[in-house]
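Reading through the structure tokens given below for one structure.
Protein chains: 2
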Amino acid sequence: MTNLSSTFSIEALVRKELPAFKPYTPGEQPGLSTSTIKLNTNENPYPPSPKIKEAVEKVLESGVLRKYPNYHGRKLQELIAKDYDLDPNQILVTNGSDEALRLLFQALVGPEDVVVAPDPTYSFYPVLTEQMMVGATYKAVPLKDDLHFDFDSLTKEKGKLLCFAHPNAPTGVEEEKSKLLNLIKNFEGIVLSDEAYIDFTEPNSSLVSEIKNHPNLVVSRTFSKSYALAGLRVGYLIGSLEVISWIRKLKDSYNVGILDQVIAEVSYADKEYFLEKRSLVISERTKLKKELESLGFEIPNSSTNFLFCKPKLGVSPESLYLQLKEKNILIRYFSTGISKDYIRITIGTPEENQTLIKTIRGLI
Amino acid sequence: MTNLSSTFSIEALVRKELPAFKPYTPGEQPGLSTSTIKLNTNENPYPPSPKIKEAVEKVLESGVLRKYPNYHGRKLQELIAKDYDLDPNQILVTNGSDEALRLLFQALVGPEDVVVAPDPTYSFYPVLTEQMMVGATYKAVPLKDDLHFDFDSLTKEKGKLLCFAHPNAPTGVEEEKSKLLNLIKNFEGIVLSDEAYIDFTEPNSSLVSEIKNHPNLVVSRTFSKSYALAGLRVGYLIGSLEVISWIRKLKDSYNVGILDQVIAEVSYADKEYFLEKRSLVISERTKLKKELESLGFEIPNSSTNFLFCKPKLGVSPESLYLQLKEKNILIRYFSTGISKDYIRITIGTPEENQTLIKTIRGLI
Numbered sequence: 001m002t003n004l005s006s007t008f009s010i011e012a013l014v015r016k017e018l019p020a021f022k023p024y025t026p027g028e029q030p031g032l033s034t035s036t037i038k039l040n041t042n043e044n045p046y047p048p049s050p051k052i053k054e055a056v057e058k059v060l061e062s063g064v065l066r067k068y069p070n071y072h073g074r075k076l077q078e079l080i081a082k083d084y085d086l087d088p089n090q091i092l093v094t095n096g097s098d099e100a101l102r103l104l105f106q107a108l109v110g111p112e113d114v115v116v117a118p119d120p121t122y123s124f125y126p127v128l129t130e131q132m133m134v135g136a137t138y139k140a141v142p143l144k145d146d147l148h149f150d151f152d153s154l155t156k157e158k159g160k161l162l163c164f165a166h167p168n169a170p171t172g173v174e175e176e177k178s179k180l181l182n183l184i185k186n187f188e189g190i191v192l193s194d195e196a197y198i199d200f201t202e203p204n205s206s207l208v209s210e211i212k213n214h215p216n217l218v219v220s221r222t223f224s225k226s227y228a229l230a231g232l233r234v235g236y237l238i239g240s241l242e243v244i245s246w247i248r249k250l251k252d253s254y255n256v257g258i259l260d261q262v263i264a265e266v267s268y269a270d271k272e273y274f275l276e277k278r279s280l281v282i283s284e285r286t287k288l289k290k291e292l293e294s295l296g297f298e299i300p301n302s303s304t305n306f307l308f309c310k311p312k313l314g315v316s317p318e319s320l321y322l323q324l325k326e327k328n329i330l331i332r333y334f335s336t337g338i339s340k341d342y343i344r345i346t347i348g349t350p351e352e353n354q355t356l357i358k359t360i361r362g363l364i
Numbered sequence: 001m002t003n004l005s006s007t008f009s010i011e012a013l014v015r016k017e018l019p020a021f022k023p024y025t026p027g028e029q030p031g032l033s034t035s036t037i038k039l040n041t042n043e044n045p046y047p048p049s050p051k052i053k054e055a056v057e058k059v060l061e062s063g064v065l066r067k068y069p070n071y072h073g074r075k076l077q078e079l080i081a082k083d084y085d086l087d088p089n090q091i092l093v094t095n096g097s098d099e100a101l102r103l104l105f106q107a108l109v110g111p112e113d114v115v116v117a118p119d120p121t122y123s124f125y126p127v128l129t130e131q132m133m134v135g136a137t138y139k140a141v142p143l144k145d146d147l148h149f150d151f152d153s154l155t156k157e158k159g160k161l162l163c164f165a166h167p168n169a170p171t172g173v174e175e176e177k178s179k180l181l182n183l184i185k186n187f188e189g190i191v192l193s194d195e196a197y198i199d200f201t202e203p204n205s206s207l208v209s210e211i212k213n214h215p216n217l218v219v220s221r222t223f224s225k226s227y228a229l230a231g232l233r234v235g236y237l238i239g240s241l242e243v244i245s246w247i248r249k250l251k252d253s254y255n256v257g258i259l260d261q262v263i264a265e266v267s268y269a270d271k272e273y274f275l276e277k278r279s280l281v282i283s284e285r286t287k288l289k290k291e292l293e294s295l296g297f298e299i300p301n302s303s304t305n306f307l308f309c310k311p312k313l314g315v316s317p318e319s320l321y322l323q324l325k326e327k328n329i330l331i332r333y334f335s336t337g338i339s340k341d342y343i344r345i346t347i348g349t350p351e352e353n354q355t356l357i358k359t360i361r362g363l364i
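Taken in order, these protein sequences are the chains called A and B.
Numbering-wise (UniProt numbering), the first sequence opens with residue 1 and increments by one.
Numbering-wise (UniProt numbering), the second sequence opens with residue 1 and increments by one.
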């Protein structure tokens with residue numbers, strides 16, 4: 001018998017794909033008590049529903065925190081299902097929509113499979129493709145010059161999974177529903193409509209109502225953005241009973257805690273508050289877009305809670321990002337592809353947006 | 001172009017390993033407001049730290065729930081690291097210890113790899129091995145007749161990963177530290193000491209202090225049992241900086257929410273309350289064991305918050321489980337291997353344990 005401690009190599013033991021794997025880079029998260037104006041990760045500038053407080057107190061007083069949660073987030077499944085006239089089991093409640101996406105990939109993406117997506121889109125999709133460690137291929141189909149999907153090219157692609165954000169990120173651009181449905185109808189694999197930002201567009205833009213007509217369509221959603229609950233980690237996946245039952249097999253038994261479930265339920269049910277804050281974000285988006293355009297930025301119409309902004313000639317987006325950071329304003333800069341010519345700015349409160357405009361005016 | 005909706009087969013699209021894959025079966029979770037005496041999933045019979053309430057109120061008032069949490073659960077990492085004189089980055093905070101285990105498997109278990117474990121142990125390990133969908137082999141090494149690990153056989157095994165629960169589940173039996181360390185020293189792969197129940201044994205039983213001497217050792221922990229926070233979903237993995245940094249690459253960016261982090265921090269720091277409730281469970285364990293033994297049960301010494309009980313000859317453990325269920329007392333019955341001769345009973349409150357004893361007395 002040999003004592004291993006001197007010769008032991010961990011790298012030799014991990015999956016051979018792991019050393020080259022590059023995880024997703026999330027936006028910077030400064031300390032929570034900082035005075036930084038945080039317009040970099042598309043958080044909601046308004047607090048979540050005020051009804052959360054009472055619901056949380058009830059949970060704490062009842063003592064149920066010592067018990068395991070419901071496996072499925074049953075009440076939340078029922079609330080959501082009722083709104084869309086679905087079976088509650090068509091909804092898979094997850095630890096943020098990131099878990100929904102990961103489970104979808106794990107259920108589908110095997111050796112030699114192809115994942116298709118417009119480019120740029122949510123940069124977690126290529127990471128997930130690689131993270132499966134099965135040698136799958138990620139096929140990125142460039143957006144057209146007007147930042148819209150290249151439907152002609154996308155329709156020609158074959159693969160196990162087609163992913164897009166609807167509306168798209170980081171562009172904020174929304175595609176016509178009929179074009180998306182035509183793409184879905186003609187794709188041979190599963191199609192993910194990642195609707196993280198859908199609540200900031202028109203109410204009937206979602207593809208959820210089309211699941212009954214398209215067995216290969218799944219939709220992901222999150223409480224992080226429009227419900228102002230990024231700190232909570234609750235998302236969900238909606239699809240046919242069959243596709244959801246396959247994906248559910250891979251989730252951890254208790255993937256969403258009791259407080260997460262209850263807070264999501266209360267927030268989801270508080271529709272009045274939700275709609276009020278949604279309107280505020282949308283009207284600020286219109287205002288901020290105009291003001292940035294008056295400073296020479298070129299900005300596509302946004303259906304989200306952020307703006308994808310190309311500065312006027314001679315202004316470097318990267319140095320603008322760095323200069324704003326020095327002045328305690330965080331925005332997002334992606335250094336690859338067409339995104340390198342843009343900065344992405346989350347809609348803040350009216351005060352935050354005014355500070356941003358004033359600061360940018362001073363810089364350019 | 002063909003419309004796929006009529007001919008579409010989801011089963012043909014999912015990973016070919018998925019149809020045969022059987023997920024972990026968690027213990028039954030009746031509705032949270034039920035009057036059922038729940039002694040089936042090793043939850044703590046006492047509520048979690050009373051300091052949680054104030055900490056949660058502070059989080060809700062501060063409005064930070066709208067922001068993404070710290071990626072790493074930094075404060076919790078620091079609290080734990082301080083206790084064991086470790087670098088905070090040696091601690092990977094996870095969505096329950098189930099996520100810790102899953103990430104460990106994902107980082108290590110590839111095609112043709114072997115996972116070794118005593119049998120029975122936590123039945124999630126064989127599920128995870130299969131869930132990796134890489135054709136890995138799970139090598140179960142039977143316990144000896146006295147329910148202790150068969151160290152002679154385990155030491156002969158080769159593999160990528162060796163897993164055991166310490167103390168073991170569902171037996172409740174604890175192995176000598178020196179024997180475990182000898183096994184670890186001689187195993188060629190990574191060894192997981194799953195310490196979900198370690199707080200119910202002697203304070204120096206944990207293997208965490210041995211990580212510095214054993215680069216192939218990782219330890220998992222959970223807040224679900226001894227901290228009475230099964231409803232929360234927080235666990236963690238401890239290992240060398242190197243092994244943890246490999247595993248961390250595979251976690252979702254924001255895997256643990258803000259409330260989960262804060263509640264775990266407060267509970268961890270409230271050592272007085274923790275030790276008081278731990279003592280109550282341990283003294284109830286001694287009492288309940290004696291009373292069950294006086295009813296003819298054969299029970300190995302337990303170092304956990306449950307008892308593994310073999311009824312006297314002529315009493316079927318399965319029908320005992322079913323009869324108790326009819327009387328609103330849930331215990332756990334596993335129908336496979338040696339476990340099929342036993343029932344597993346979680347230590348409840350003194351009142352719950354008395355009701356259990358009285359009910360069993362009426363049944364056998």
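Beta carbons: idealized from backbone N, C-alpha and C, even for Gly.
This one's a predicted model, so the numbers in the text were calculated from it and none came from an experiment.
Item, Value
"Using 9 Å as the limit for Cβ to Cβ distance, is S33 of chain A near chain B?", "Below a pLDDT of 50, predicted positions are generally treated as unreliable, and S33 of chain A, at 48, falls in that range; no measurement from the model is reported."
"Please list the residues of the segment 100–115 of chain A that have a C-beta atom closer than 7 Å to any C-beta atom in chain B, keeping them in chain order.", "R102, A107, L108, G110"
"For G63 of chain A, would you say it is in contact with chain B, using Cβ-to-Cβ distances shorter than 9 Å as the test?", "yes"
"Does the segment 246–254 of chain B come within contact of the segment 47–67 of chain B, defined as at least 3 CB pairs closer than 8 Å?", "no"
"If you draw a straight line from the C-alpha of L259 of chain A to the C-alpha of K51 of chain A, how long is it?", "13 Å"
"Give the DSSP bridge partners of L250 of chain B, in chain order.", "None, per the DSSP bridge assignment."
"Given that a residue counts as buried once 16 or more other Cβ atoms are within 10 Å of its Cβ, and exposed if not, what is P19 of chain A?", "exposed"
"Could you work out which residue in A:E351, A:K312, A:L322, A:F306 is closest to N42 of chain A when comparing CA atoms only?", "A:F306"
"Look up E176 of chain B in the DSSP assignment and say whether it is helix, strand or coil.", "coil"
"Kindly indicate which three-state DSSP category F151 of chain A falls into: helix, strand or coil?", "helix"
"What's the gap between the Cα of P39 of chain A and the Cα of Q261 of chain B?", "A small fix is needed here, since residue 39 of chain A is Leu in this sequence, not Pro. One C-alpha to the other measures close to 23 Å."
"Is it right to say L13 of chain B is buried, meaning 16 or more other beta carbons lie within 10 angstroms of its own, or is it exposed?", "buried"
"If the criterion is Cβ atoms closer than 9 Å, does the pair A136 of chain A and V116 of chain A meet it?", "no"
"For P45 of chain A, is the classification buried or exposed, using 16 other Cβ atoms within 10 angstroms of its Cβ as the cut-off for buried?", "buried"
"Quick one: does V14 of chain B have its CB under 9 Å from some CB of chain A?", "yes"
"For the segment 293–306 of chain B against the segment 195–207 of chain B, do three or more pairs of beta-carbon atoms, one drawn from each stretch, fall closer than 8 Å, so that the two count as touching?", "yes"
"Go through its chain and collect everything with a Cβ distance to E174 of chain A's Cβ below 6 Å, but skip five positions before and after it.", "P167, T201, S303"
"Which residue from A:V191, A:A230, A:G235 puts its Cα closest to that of H214 of chain A?", "A:V191"
"Please list, in chain order, the chain A residues whose beta carbon lies closer than 9 Å to that of D29 of chain B.", "It should be noted that the sequence gives Gln, not Asp, for residue 29 of chain B. Those within 9 Å of Q29 of chain B in chain A are K67, Y68, P69, N70, Y71, Y254."
"Going by beta carbon distance, what residues of the same chain come within less than 7 Å of N255 of chain B, once the five residues before and after it are set aside?", "T94, N95, E99"
"Would you mind sorting S319 of chain A into buried or exposed? The rule is 16 or more other CB atoms within 10 Å of its CB.", "exposed"
"Please report how far the alpha carbon of F274 of chain A lies from the alpha carbon of Y236 of chain A, in whole angstroms.", "18 Å"
"Determine the closest residue to N204 of chain A out of A:Y227, A:E176, A:G231, A:S224, with distance taken between C-alpha atoms.", "A:E176"
"Quick check on DSSP: helix, strand or coil for I360 of chain A?", "helix"
"Restricting to runs no shorter than 3 residues, where is the beta strand (DSSP E) found entirely within the segment 89–147 of chain B?", "91–94, 114–119, 137–142"
"Can you tell me where the alpha helix (DSSP H) with A81 of chain B in it begins and where it stops?", "74–84"
"Can you give me, in chain order, the residues of the segment 259–279 of chain A that have a beta carbon less than 7 Å from any beta carbon in chain B?", "L259, D260"
"If you scan the segment 181–258 of chain B from start to end, which runs of the beta strand (DSSP E) of 3 or more residues do you find wholly inside it?", "190–194, 217–222, 235–238"
"Would a check of beta-carbon distances place Q354 of chain B closer than 9 Å to chain A?", "no"
"Given a cut-off of 9 Å, decide if P23 of chain A and S253 of chain B are closer than it, judged by their beta-carbon atoms.", "yes"
"So, helix, strand or coil for E351 of chain A, using DSSP?", "helix"
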